[in-house]
Each structure stands twice: as C-alpha cells, then as structure tokens.
Amino acid sequence: VYPKAQQFVLDNGMKVFYYNNSTTPKINIVLSFKAKDYYDPQEKQGLYEFVTRMMLEGTKKYSAAQFAHELESRGMSINIYPGGLSLSMLSGDFEKGLELLHDVLTDAIFDQHELEKIRQHMLTDLKQFWDNPRSFAGQLIRENIYPNHPYSKNSLGTQTSLEAITRQDLIDFYKKYISPYGAKVAIVGDIKNYHLKKL
1401 VYPKAQQFVL DNGMKVFYYN NSTTPKINIV LSFKAKDYYD PQEKQGLYEF
1451 VTRMMLEGTK KYSAAQFAHE LESRGMSINI YPGGLSLSML SGDFEKGLEL
1501 LHDVLTDAIF DQHELEKIRQ HMLTDLKQFW DNPRSFAGQL IRENIYPNHP
1551 YSKNSLGTQT SLEAITRQDL IDFYKKYISP YGAKVAIVGD IKNYHLKKL
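Written out as structure tokens, the structure reads:
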C-alpha cells in the first residue's frame, strides 16, 4: 500500500504534505518552488543557479563557515537547486533544521566577495560542461527542439551572462522567486512528536 500523505496550507499559501515514518529517527524535507530554471531572463541565463549557490554563502545570522558548521556538527545535509531544495536531518534536530531553512530562504546576504568566488566557480563549471559531450548533448537538443523558447535556456548560463550578473540581479531574483507563492513542501520521517502546523 503506497503511503498517503496528509496535508494542510500555511497562512502564506504554501502547501505542506507530510507523512510519519518512524522506521528510522530521520526527517527529510523537499521544497519545490513555482519558479524553475527557465525563469532566468534570456540575457541573464544562469541567474537562478547563481542565486541558489549564493544562498549557502552567508545569511544575516550565519557566515558561510558558521552555516556549514551548524549543518556538519549535526550531520545535516542540504541541497539547493533551481526550482527547489532538500534537507535531511536526525529527527531530534528538526526544529534547528527548520530554523536554518528559514534563514537561507529569507535572510541570505549575497556578500560581494563570496559572489565573485561563486562566479568563478560557475565559469569553471560552464567550461567543463562544454568540454564534455555527455553534458552538453542535452542542451544542444533543447536548443534545437525549443528555439527562442524558455526551455532552450542553459541553467548554467553563458560566459557573457555570468559575467553580466550583478549583486542586485541576485537580490531581486531572490526576493521575487524564492517565495511561498505556488510552493509545496513535503516532510517525511519520524515526526510523531512534532506539531507540524505550529512549527
């Protein structure tokens, strides 16, 4: 029998789906945003990917190193990508996990120094992407099937677009699209001792 999730809607409009599984003392969260990678402006391809990478590079409360320490000291793992994120933690750390999640979703600071570091990483990743036929074959197919359409965009961007993205571009995209509007969150694991809606 496939597990059936329970659900409710938060005051901010976000839908929450949850299922208690007490097999192991662990909780997994998957958050899906309405905005996907093809929301990048044509001339700023790679912007969403840039934003998600910057979200882990410091918040108002934690520096990048402090945030990484908070995760590592509790054995948590977080993955943020265009369109969503996932967070995994021990069930005893659920409230702390939600606090850290709230922090990256609402208070990322987009430090200029970290921004330039991430830009260089992305330019290197882009070069490696175009050096590997297995990577870029799908991109070439999308460009030919969906010419002049959002689906043809490269989520990694182009050298020109990555070099053109500013801190303000990142902040504006973050404020507009990292939003509960149209978002859904799934929570699965040992949640029997938590009042989910209140948390």
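In the working numbering, each residue's number is its place in the sequence shown (first place is 1) plus 1400. Glycine included, every Cβ here is placed at the ideal spot set by N, Cα and C.
CA-to-CA distance, Ser1491 to Ser1422, given in whole angstroms: The straight-line gap from Cα to Cα measures roughly 9 Å.
C-alpha gap between Ile1578 and Lys1584, whole angstroms: Between the C-alpha atoms of Ile1578 and Lys1584 there is a straight-line separation of about 12 Å.
Nearest to Lys1598 (by Cα), restricted to the options Pro1403, Lys1404, Met1489 and Phe1408: Of the listed residues, the one whose Cα sits closest to Lys1598 is Phe1408.
Contacting residues, own chain, Cβ-Cβ under 7 Å from Leu1485 (five flanking each side not counted): Leu1431, Ile1478 and Asn1479, listed in sequence order.
Reduced DSSP secondary structure (H/G/I, E/B, other) of Ser1561: Helix at Ser1561.
Contained beta strand (DSSP E) runs [length at least 3] in the region 1516 to 1584, N- to C-terminal order: Qualifying beta strand (DSSP E) stretches: none in this window.
Unbroken beta strand (DSSP E) run spanning Gly1484, endpoints: Run containing Gly1484: Gly1484 to Leu1490, per the beta strand (DSSP E) assignment.
Backbone secondary structure at Lys1404 - three-state DSSP: Of the three classes helix, strand and coil, the one that applies to Lys1404 here is coil, per DSSP.
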